[in-house]
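Below is one structure, written out as structure tokens; the observations come after it.
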Amino acid sequence: GDLLGYANIITTDMGGTSFDVGVIHDGEPAFSYMSLVNQYEYFIPKVDIQAIGNGGGSLVTVDEATRTLRVGPESAGAVPGPVCYGRGGSVPTVTDAALVLGYIAADSFAGGRMTLDHAAAETAIAELAVKLDMTTFECAAGIAKISEFQMADLIRKMTIQKGLDPRDFVLFAFGGAGPMHASVFAFELGLQKVVIPQKKMASTWCAFGAASADIRHIHEHVDIMVSPFDAGQLSQALESLKERTSEQLLREGVAESDQTFAYSIDMRHKGQINEVEVPVEGLNIASHDLDALHDSFYARYEQIYGKGSSFRGAKLEVVTFRVRGSAVTPKPVLSPATDLTPDIPEGAAPSIGQKALPPRTHPFMMASNCCPVM
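Those letters in the sequence shown? Residues 163 to 536, per this note's numbering, in order.
What follows is the structure in structure tokens.
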């Protein structure tokens, strides 16, 4: 994002089993402070990544009651994998649909190291099509559309439901299957640009990001205060958290000169349970800064819940103090992105579906690409 000059990014990773979405707003990744694992709630800060069971290996079945296609969340996994892998799979998957539609070619899959069984994929999807009085191609197209619209719905949940307009963002599409479907779900959301990592990095982009991520620690402290607030108390609470965060970074070998900090406070209307994270500029909060703090809360609250939803005459509560401590790690050098052109790259194989179905003609089908140079 820094290399390309984008501060608002929607990250999407479609692999074999799941579709994962994250949001970067104003250059900062969105965080979640509560995770639900089975029936247990964990109040641990983490980057907010939401996932659904929708990947290249997602199994496709017919709901006999409604006579409709059902995509996922079950997956064929790597073994047996999609029917076209020829490893014993019998239930069609999203990848089988992509093969039938011509989005991938049987003889150039994985750089030509693996040949896909087009006939087997077509036969498996045809069995579903018969149940729905559809042609094989119509059924395959329906599978792709359901998968793509499910992905669009998750992105809406991560943006619109949190007061963000997806049209203000650039989409990064990666994972083994993500770039193949990105043009459709991005078009559905009104996005104007898609960035796809190239040079064999798209399928492992998450691992690349984890390996080159900065060091970051988050410390929190819950101390409920009711307005009118004491600026000194707010500053003291943040200062204490900063000291703890700095000590942890020092133990990990990060010098004080290499440490950076960001401060925020969770606030809410008194009597409510919905909290809003409000950024704080620096530690030394003066009395005149409190008005700006209130204004930031009202603005963010109305961004999430709608204009006029806040009541400026009501008392406010501070609930949680938070400090993020970071240290930049060395990064690989990436080359700038360039726009893709209609020219077919050397070694690329033409899609077998070009004659069977109209090509996708969305305005950003010629997406941008980012070419890492290691």
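Glycine included, every Cβ here is placed at the ideal spot set by N, Cα and C.
Here the alpha carbon of ASP164 sits roughly 12 Å from the alpha carbon of VAL495. Assigned with DSSP and collapsed to three states, SER449 falls in coil, not helix or strand. Between ALA339 and GLY177 the beta-carbon gap is near 7 Å, inside 8 Å, which marks them as a contact. Boundaries around LEU221 are those of the beta strand (DSSP E), 220 to 225, since no alpha helix (DSSP H) includes it. Relative to PRO441, the option among ALA192, THR321 and TYR467 whose CA is nearest is ALA192. Comparing alpha-carbon positions, the option among ASN170, PHE370 and GLY468 lying closest to PHE336 turns out to be PHE370. For SER488, the uninterrupted beta strand (DSSP E) segment begins and ends at 478 to 489. The secondary-structure analysis by DSSP pairs ARG232 across a beta bridge with THR223. Secondary structure note for SER426: its beta strand (DSSP E) is the uninterrupted segment 422 to 431. Residues VAL241, PRO242 and GLY243 of the same chain have their beta carbon placed closer than 7 Å to that of ARG249, with the five preceding and five following residues left out of the count. Counting along the chain, the unbroken alpha helix (DSSP H) around VAL262 starts and ends at 256 to 263. For the pair ALA259 and ALA306, the CB atoms are nearer than the 8 Å cut-off. The C-beta of GLY468 has fewer than 16 other C-beta atoms within 10 Å across all chains shown, which makes the residue exposed. A distance below 8 Å separates the beta carbons of THR491 and ASP376. If you ignore the 5 residues before and after GLY304, its C-beta comes within less than 6 Å of the C-beta of LEU231, all in its own chain and listed in chain order.
With 16 or more other Cβ atoms inside 10 Å of its own Cβ, PRO254 counts as buried. Closest in C-alpha terms to THR298, from the list ALA283, LEU445, LYS493 and GLU479, comes ALA283.
Put simply, the segment 449 to 460 does not touch the segment 352 to 365. Fewer than three CB pairs are less than 8 Å apart.
Contact between LEU396 and HIS383 is absent: CB atoms are separated by about 11 Å, not below the 8 Å threshold.
In this structure, the beta-carbon distance from GLU479 to ARG430 falls below 8 Å. In the same chain as GLU190, and ignoring 5 residues on each side of it, no C-beta atom comes closer than 6 Å to its own. Counting every other CB atom within 10 Å of its CB across the protein chains shown gives PRO359 a total of 16 or more, marking it as buried.
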